[in-house]
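For the protein sequence lines, the chains are A and B, in the order given. When we follow the numbering used here, the leftmost residue of the first sequence carries the number 47, and every step to the right adds one. When we follow the numbering used here, the leftmost residue of the second sequence carries the number 2, and every step to the right adds one.
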Amino acid sequence: MKKALSILLVGLIASLFGSIALAGTEITVIMPDHEADILGYFEQKALSFEKKTGTKVNIVSASWDRVADKLLPALAAGSSAYDVCEFDNCWVAQFAETEWLLPLDDYAGVEYVEDMLPALNSLFSARGHLYGVTWNNDMRFFMYNTRILEDAGITGPPLTWNELIEQSRRLMAAGTAKYGFIEGWEMGQALANAQTVFAHSFGGRLLDEKGNPTLDSSECVAALQFMVDLLHKYNIINPASLTSSQEVSQNVFLRGDTAFFPQAWPGLYSYSRSSDVSNIVGEVEVAPKPLGVTKDIGAALSLPEALAIPKTSRHPDEAWAFIQFISNKKTNKAQSLAIGSLPIWTELFNDPELLRLYPYWKQFGQQAKYLHGLPQVTWYSEFSRVCQVETMNALTQVKTVEEATRDMMKAVEAIEK
Amino acid sequence: MLIYALVVLIFLFTVAPFCWLIISSISIKTELLSVPPHWIPKNPTLRSYKEIIFGGVRTTRAARYFKQAVGNSIIVAGSVTALCLVIGSVASYSFTRLRFRGRRSLLLMILATQMIPAVGIIIPIYVIMMNLHLLDTHLGLFVTYSSFVLPLMIWIMMGYFQTIPIDIEDAARMDGCSRLGALVRVVLPLAAPGLAATGIFAFIVAWNEFFFALILTETATKTLPVLISEFSTKFGADYVMMSTGGVLASLPPVILALTFQRFIIKGLTGGAIKG
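Following this line, the structure appears as structure tokens:
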């Protein structure tokens, strides 16, 4: 008995010293699960950072849809629970207004940011300050399946929505694809994203420069009408779009059931080349421009995520060291090689090793001019929710496009007040 | 005949989602999404179970933390159930048998706490936990869960105590038992079916709780419902892993319910008629 107690006591003391030895500087990073996390990429990098600096990194993960629920109470309560947080570009206005984040201008300096893609820095800047450094450059491309098009006798991808309709009908008639494409239009943020990009592809925008709603502009109404018509008039889009997530739409495309993927994320190109998850290895190409109502107009979404430092962080220097480690050119290139994500550094778009793997990056310059971020207003989450509900009402024909637009305007004006 | 048809219908309505959960967990993703859907998977596999239980090269972070989350859920739900049973039974006994000033108001106040939506009190609770250094601790979750499980238990158990004739208790008192002695030796054994049913109910409430666990835990004390929600990425959910997690997470309450099945049936009807 005495022996057992002694062992227990020694064990307790040893574990106490063990915990003291580990209790050096520790930073806590909160971030949602990414496609990159499937390979444990971010965790591996955190371990490399620990080895290099001796600063322990505690990664707090959360599901994508819940990370805001977890982060916002902590920020609002002034908690120092997190030293680094990931944030979306639609949160920038709100986070800047509430002064929850540390401006990174002094940390980053001009030298560090000037080689990054300028569009990314401006997406995470507000009130003249930089609040986040992008780590996941999620810019969307219009991808298509060359084999399905060729089998239907089509030589090149569509450049406009009308061409898309015409080509989809041809390939569906030829039986080379079940539908032209499928969208992830289930009730959720992706639906609000879709409304944004369709509006831009018709030459409109949901909010003007001052943040006033322009949802009832002729362009926005035409865009919403077109989304409805894709489902109910042209019948070229899989009706399961209304209950599909983005991942489902990706799976359907990778199965070879559809020919087009209008807003494909960079990693999709890599997935399409892996026979583990794809039936269309070597068949995917990137179109020269995203789709639009005319050949001059096109729109693609830019939905990057950045790392930021909450003002309440107890270790801002270590937090910045971590952000720098994750976002520097070497790590950023390794990330692109590992998971096919787009770099954040201009120079890496000409890197021969990366271009061999991802030849479509050559078209990045051409596509970049069509990119749009999400609207930046402090009340974006409420705005997004209203848009999701009313867009779904229109898509399911519970309301006409005019009714949905009218109700959307009313609700958004009420939020604005 | 109609009654049997209704029973079958209710049985299917109750069991079908659980069957689909099991089927989803042993299906491969492409088959799960195939159109039209089918009940019996053509290529059933236990790969997701293997991945969660034994790990693998491509195991996700959520899968790696699954066993830890099971442990956390057992600790939190188990301790909440145990403590709430002890305190709850004494409290509900007092409310049933003792007549004291403010009894009715106190009872209504306990009931009123159940009407406050969780989202309305999450920031104050977060601040309290932060100041007490109880964020990401079992104790923090235990205190929070007890705050809403305990009132429920008090109200439910009062029904059971009211069914026990006061004469039995008086007899025990006359034989020399103190009030506490009568409670422990006579009343609680008689109320055992009710306690078992209420205990399982408390366990299930604490086991399934998501919102507070999401906000108040980080990595060390993350519970199963939160972890299962993490089988997803920016582009959607991993239905197979989520279903596997769901099947495994539902096992402890099911085992508990089957173990105490005899008591539950007695307990469910016991509180229905007052003595």
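Note that the Cβ used here is the ideal one computed from N, Cα and C, for glycine as well. This structure is a prediction, so every number in the text was calculated from the model and none was measured.
key: In chain order, each alpha helix (DSSP H) run of at least 4 residues that lies wholly inside the stretch 160-197 of chain B   = 167-175 and 180-183
ask   = Hey, how far is the Cα of Pro254/B from the Cα of Ile194/A?
value = 50 Å
key: Separation of Glu52/B from Gly247/B, as counted between CA atoms   = 14 Å
query = For the beta strand (DSSP E) that Met185/A lies in, which residues bound it at each end?
reply = Neither: Met185/A is in no beta strand (DSSP E) and is coded neither H nor E.
query = When the cut-off is 8 Å and only beta carbons count, does Glu219/B lie next to chain A?
reply = yes
key: Boundaries (first-last residue) of the alpha helix (DSSP H) holding Gln422/A   = Run containing Gln422/A: none; DSSP gives neither H nor E here.
key: Under 8 Å between C-beta atoms of Tyr153/A and Thr74/A   = no
task = Can you give me the Cβ contacts of Ile372/A inside the same chain, cut-off strictly under 7 Å, excluding the 5 residues immediately before and after it?
result = Lys91, Trp181 and Leu353
ask   = With 8 Å set as the bound, which would you pick, yes or no: does the beta-carbon of Phe236/B sit closer than that to a beta-carbon of chain A?
value = yes
request  = On the DSSP bridge assignment, give the partners of Pro259/A in chain order.
outcome  = Leu253/A
Limits of the alpha helix (DSSP H) - the one that Thr335/A falls within = The sequence shown places Lys at residue 335/A, not Thr. Where Lys335/A is concerned, there is no enclosing alpha helix (DSSP H), given that its DSSP letter is neither H nor E.
task = Output, in sequence order along the chain, the residues in the stretch 51-64 of chain B whose CB is closer than 9 Å to any CB in chain A.
result = Arg59, Thr60, Thr61, Arg62 and Ala63
task = Give the straight-line distance between the Cα atoms of Lys224/A and Arg215/A, rounded to the nearest whole angstrom.
result = 10 Å
request  = State the DSSP-derived secondary structure class of Asp127/A, mapped to helix, strand or coil.
outcome  = Correcting the residue identity first, residue 127/A is Ala in this sequence and not Asp. Residue state, collapsed to three classes: coil.
ask   = When you compare only the Cα positions, how much space is there between Gly386/A and Thr234/B?
value = 16 Å
Assigned secondary structure, Ser107/A (DSSP; H/G/I helix, E/B strand, else coil) = strand
ask   = Is any beta-carbon of chain B found at less than 8 Å from that of Pro119/A?
value = yes
message = Checking 8 Å against the spacing of the C-beta atoms, do Arg104/B and Phe96/B come in under that value?
response = yes
Boundaries of the alpha helix (DSSP H) in which Thr245/B is found, first to last residue = Tyr240 to Thr260
ask   = Using a beta-carbon distance below 8 Å, is Met131/B in contact with chain A?
value = yes
task = Would you please state the rounded distance, in angstroms, between the beta carbons of Ser247/A and Gly174/A? I believe it to be under 8 Å.
result = Incorrect: roughly 31 Å between the Cβ atoms, too far for contact.
request  = Give every residue of the same chain whose Cβ lies closer than 7 Å to the Cβ of Val179/A, excluding the five residues on either side of it in the sequence, and list them in chain order.
outcome  = Leu150, Ala154, Ala352, Leu353, Ile369 and Ser373
task = Find the residues of chain B that neighbour His80/A, judging by a C-beta separation of less than 7 Å, and give them in chain order.
result = Thr234 and Lys235
task = Could you tell me if Val8/B is buried or exposed, where buried requires 16 or more neighbouring beta carbons within 10 angstroms of its beta carbon?
result = exposed
Where the alpha helix (DSSP H) containing Glu459/A begins and where it ends = Val447 to Glu462
query = Alpha carbon to alpha carbon, what distance is there between Asn258/A and Asp115/A?
reply = 27 Å
ask   = Would you say the stretch 186-201 of chain B touches the stretch 251-265 of chain B, given that touching needs at least three Cβ pairs under 8 Å?
value = yes
message = Strictly by DSSP, which residues pair up with Lys102/A?
response = Glu72/A
task = State the beta-bridge partners of Asn297/A as determined by DSSP.
result = Answer is none; Asn297/A lacks a bridge partner.
task = Go through its chain and collect everything with a Cβ distance to Asp378/A's Cβ below 7 Å, but skip five positions before and after it.
result = According to the sequence provided, residue 378/A is Asn. The question's Asp does not apply to it. Only Pro389, Ile390, Trp391 and Leu394 meet the Cβ criterion.
query = So what does DSSP say about Ala67/A, is it helix, strand or coil?
reply = Confidence in Ala67/A is poor, its pLDDT being 39 and thus under 50, which makes the residue's placement too unreliable to answer from.
request  = Following the continuous alpha helix (DSSP H) through Pro119/A, name the residue where it begins and the one where it ends.
outcome  = Val113 to Ala122
Residue environment, Met243/B, which counts as buried when at least 16 other CB atoms sit within 10 Å = buried
message = Considering Cα atoms alone, identify which of Arg180/B, Pro190/B and Gly177/B is closest to Thr164/B.
response = Pro190/B
C-beta neighbour in chain B for Lys379/A, strict 8 Å = no
ask   = How many angstroms separate the CA atom of Val144/B from the CA atom of Gly89/B?
value = 14 Å
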